[in-house]
Each structure stands twice: as structure tokens, then as C-alpha cells.
Amino acid sequence: MPDSPRLLQDVSDLSREEVFSLFEQTKAFQEILQRPIRKVPTLRGKGIALFFAEPSTRTRVSFEIAARTLSADVTSIALSTSSIQKGESLADTFATLSRLPFDLAVIRHPYEGAAQFAFQWFQRSVINGGDGCHAHPTQALLDAYTLWARGAKLSGLRLTYVGDIAHSRVARSGLKLFSLLGAQVAVCAPPYFLPLNVSRVFPQVKVYTRLSEALANSQVLIALRVQKEREKSFYSSREYLELFGIGGKVPSHLLIMHPGPVLRGFELSREVLHSDRSLIGDQVENGTALRMALLYTFLAGN
Ligand code: CP
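Count along the sequence shown from 1, add 52, and you get the number used in our numbering.
Below is the structure:
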């Protein structure tokens with residue numbers, strides 16, 4: 053049994069050793085997902101709440117499959133059908149959940165810090181499934197795992213996030229994680245999609261303002277979705293597509309990733325999306341085993 057409840061707010065809650073241990077565990081769990089009967093009793097009797105206050109396909113569904121595959125009892129709570137609609141606070145919601153038979157909650161929320169806040173009231177383990185523009189640790193972990201599982205040497209790897217860095221929790225967590233693992237990280241974006249004082253916020257991160265520089269200097273590009281729901285003033289789609297959309301022939305040395313959902317034909321052309329350089333399908337597939345490894349580590353591993 054784990055000693056005490058744990059919070060995964062961001063990748064900085066994990067050490068380098070824990071990250072590689074999670075990767076090994078993920079590899080083992082991938083084998084279970086290949087079996088004709090995809091079920092093991094590892095977390096039988098454990099209760100897991102999935103509280104999603106923002107839309108999600110990949111994160112929510114893969115956590116649900118991960119929990120069920122490990123035989124945990126999983127309950128999905130959607131904002132639209134919760135008592136938050138009747139005025140209950142997030143604090144009271146998690147205080148209420150703490151009196152129900154749950155051992156762990158996964159929370160996605162538009163407010164930065166929501167996972168940490170929920171942890172205070174829930175007093176059981178909490179995993180951040182994405183909070184505002186702040187952090188998305190499980191996406192960063194599955195992205196790094198996807199490269200590691202292909203045999204990529206993460207130390208020294210030249211990896212660039214392209215696009216809406218300013219609003220991206222994926223990039224914020226990914227830049228931290230890939231730096232921890234020794235990669236040479238960079239961002240590439242028009243000025244309006246770079247965080248203010250980017251070089252002060254991420255001193256170790258190289259900044260490219262032209263896609264051609266990123267293409268020439270990277271081994272991996274992680275394209276990001278333009279988050280129109282967070283940037284209402286963004287209107288120059290054509291300019292973005294011309295300057296930062298990844299299309300045409302991708303250099304043969306380059307791997308392309310994207311956390312999804314992809315705005316097809318916008319951040320990536322159809323050809324790039326379906327090319328053999330794209331790891332997007334692998335990212336989705338690896339997400340389930342990676343989240344199984346996290347649930348196992350938080351609820352059963354020590
Ligand atoms: N990458 C990601 O978080 O996707 P979802 O919003 O579909 O969960």
C-alpha cells in the first residue's frame with residue numbers, strides 16, 4: 053500500500069528515477085492490453101473518480117479504460133450533471149467525494165491549480181488531467197514514453213514544441229519533463245503565441261520564430277492545437293497556417309507528434325498527419341498503459 057495520498061500536479065512531482073520506473077511499468081502494462089482478455093485484478097476494490105470539468109476524449113477515456121483494465125471501480129463525474137450546476141463549490145464537491153469510497157481522483161479543470169486545491173479537500177490521491185494553461189503531466193509522460201519506447205535517446209534529443217505555446221499546458225509540462233530527461237528543448241511560435249518574457253520563464257528553452265529554423269534544427273516536432281476557446285482575439289488563421297502549419301514533405305529525419313485533438317489541415321496537413329513520420333496514433337495508444345502505470349504506482353506500488 054502507498055504510505056500516504058499523493059498529488060501529481062505536474063511532472064515536477066516526480067523524480068527522474070520515478071519517471072523511468074513508470075516507463076518500465078508502462079511497457080509491462082502494454083502487454084496486458086494486447087491479451088485477448090484485457091483484465092487483471094491488480095486494483096480490485098479500489099475506487100477511482102474521474103472529475104472532468106472540461107471536454108476530453110483521450111485523457112478521460114484512457115483513464116477510464118486504464119482503471120477498468122486494472123479492475124478498479126471507476127465513476128465518471130461530468131460538470132454538466134454535477135451539483136456544481138446548483139452552486140456547490142469545488143471545495144465542497146471534493147469534500148463530498150472524500151466521504152464516498154474513493155481512493156483516487158483524476159481532475160481536469162479550466163482553473164490553474166485546481167488539482168492541488170481538490171487534493172486539499174479530498175485528502176486522497178489526485179492526478180491532474182489538465183488544469184487551465186498550467187500543466188498536463190500525464191500527456192508529457194506519455195509523449196516522452198512514446199519516444200523512449202521507440203528507442204530514442206532522450207538525453208540530447210532536439211525537440212521543439214510548435215504553435216500556441218502561450219495557452220499550452222502540454223508544452224509547459226513537456227518542457228519541464230524533457231529538460232529533466234536531458235533533451236534540448238525549444239519552442240517555435242509567432243510572437244502572439246509565446247508566453248510573455250518567454251526566455252525568463254523558460255531560461256533553458258531555445259526560441260525559434262520561423263518554422264524553417266525548427267525544421268532544420270529539431271529531431272522531433274510536437275505541434276500544438278491553437279486553443280481558440282482560450283484566445284478569443286485570434287483571428288488570423290490564414291497567416292498562422294502559412295507560417296506555422298506543418299505541411300508539405302517532412303524531412304526524413306523528423307518525427308511529428310501532437311497531443312490532440314488535431315485541427316486537421318491547420319496545425320498539420322492531412323499528408324503529415326498520415327505520414328510514417330507521425331507518432332500521433334502511438335501517443336493515443338500509449339496513453340492507456342501509461343495511465344495504468346500511474347494508477348498502479350499511486351494505489352498499489354511502493
Ligand atoms: N491531449 C488531450 O489532453 O486530449 P483530450 O482533451 O482529448 O483529453
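Cβ atoms here follow ideal geometry from the backbone N, Cα and C, with glycine treated the same way.
| said: Between which two residues does the beta strand (DSSP E) holding Asn180 run? | reply: Residues Ser177 to Asp183.
| query | Are the beta-carbon atoms belonging to Tyr213 and Ile274 less than 7 Å from one another? | reply | Yes, the pair counts as a contact, with Cβ atoms nearer than the cut-off.
| DSSP beta-bridge partners for Gly99? | Here Gly99 is bridged, per DSSP, to Asp125.
| said: What does the alpha-carbon distance come out to for the pair Ala238 and Asp216? | reply: Near 13 Å, if we compare the C-alpha coordinates of Asp216 and Ala238.
| field | Counted within 10 angstroms of its Cβ, other Cβ atoms place Ala80 as buried (16 or more) or exposed | value | Result: exposed.
| message | I'd like to check one pair, Ala130 with Ile100: are the Cβ atoms closer than 7 Å? | response | Note that the C-beta distance between Ile100 and Ala130 is not below 7 Å.
| Exposed or buried, what is Gln172 when buried is set at 16 or more other beta-carbons lying within 10 Å of its beta-carbon? | Exposed, because fewer than 16 other Cβ atoms sit within 10 Å of the Cβ of Gln172.
| request: Return the CA-CA distance between Gly184 and Ser330, expressed in angstroms with no decimal places. | output: The alpha-carbon atoms of Gly184 and Ser330 are separated by roughly 27 Å.
| request: State the Cα-Cα distance for the pair Arg277 and Gln175, rounded to the nearest angstrom. | output: Roughly 34 Å separates the two Cα atoms.
| query | Can you list the alpha helix (DSSP H) stretches of 4 or more residues lying completely in the stretch 229-297, in chain order? | reply | For the stretch 229-297, the full-length alpha helix (DSSP H) segments reaching 4 residues or more read 250-253, 263-269 and 289-296 along the chain.
| said: With three or more C-beta pairs closer than 8 Å as the rule, is the stretch 192-199 touching the stretch 336-346? | reply: Under the three-pair Cβ rule at 8 Å, the stretch 336-346 counts as touching the stretch 192-199.
| request: Give every residue of the same chain whose Cβ lies closer than 7 Å to the Cβ of Arg58, excluding the five residues on either side of it in the sequence, and list them in chain order. | output: Ser177 and Phe350.
| request: List the residues that DSSP assigns as beta-bridge partners of Leu59. | output: The beta-bridge partner set that DSSP reports for Leu59 consists of Val178.
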